[in-house]
Amino acid sequence: MPEPTIELTTTVDHRATLNDALDSMLVSSHGGAIVTERGRYTGVILFGDVTATLQENGQENSQENGESGS
-17 MPEPTIELTT
-7 TVDHRATLND
3 ALDSMLVSSH
13 GGAIVTERGR
23 YTGVILFGDV
33 TATLQENGQE
43 NSQENGESGS
């Protein structure tokens, strides 16, 4: 598996929630985090990807509850 090409010092476990990952990135002022499983690199998650997914999920939940998006 290739190593990340961007410099990140924040790590999150592969079982972390998106909110946990986002919190770690905000606390450390980094735009992403290294995802690990048992201390081994498994990938990278980026701030923009997390926020986009959280926004999409929020919009889907609003639509399911009959709320308008405005």
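At position 52 of the sequence shown (counting the first as 1) the number is 34 in my numbering, and the numbers step up by one without a gap.
In this text, a Cβ means the ideal position worked out from N, Cα and C, and glycines have one as well.
- In the three-state reduction of the DSSP assignment, residue 38 falls in the helix class.
- For residue -3, DSSP assigns no beta-bridge partner whatsoever.
- Secondary structure of residue 14 (DSSP, three-state): strand.
- Its chain contains 15, 16, 18 as the residues whose beta carbon lies nearer than 7 Å to that of residue -7, once the 5 sequence neighbours on both sides are disregarded; these appear in chain order.
- Residue 13 has its alpha-carbon roughly 10 Å from the corresponding atom of residue 31.
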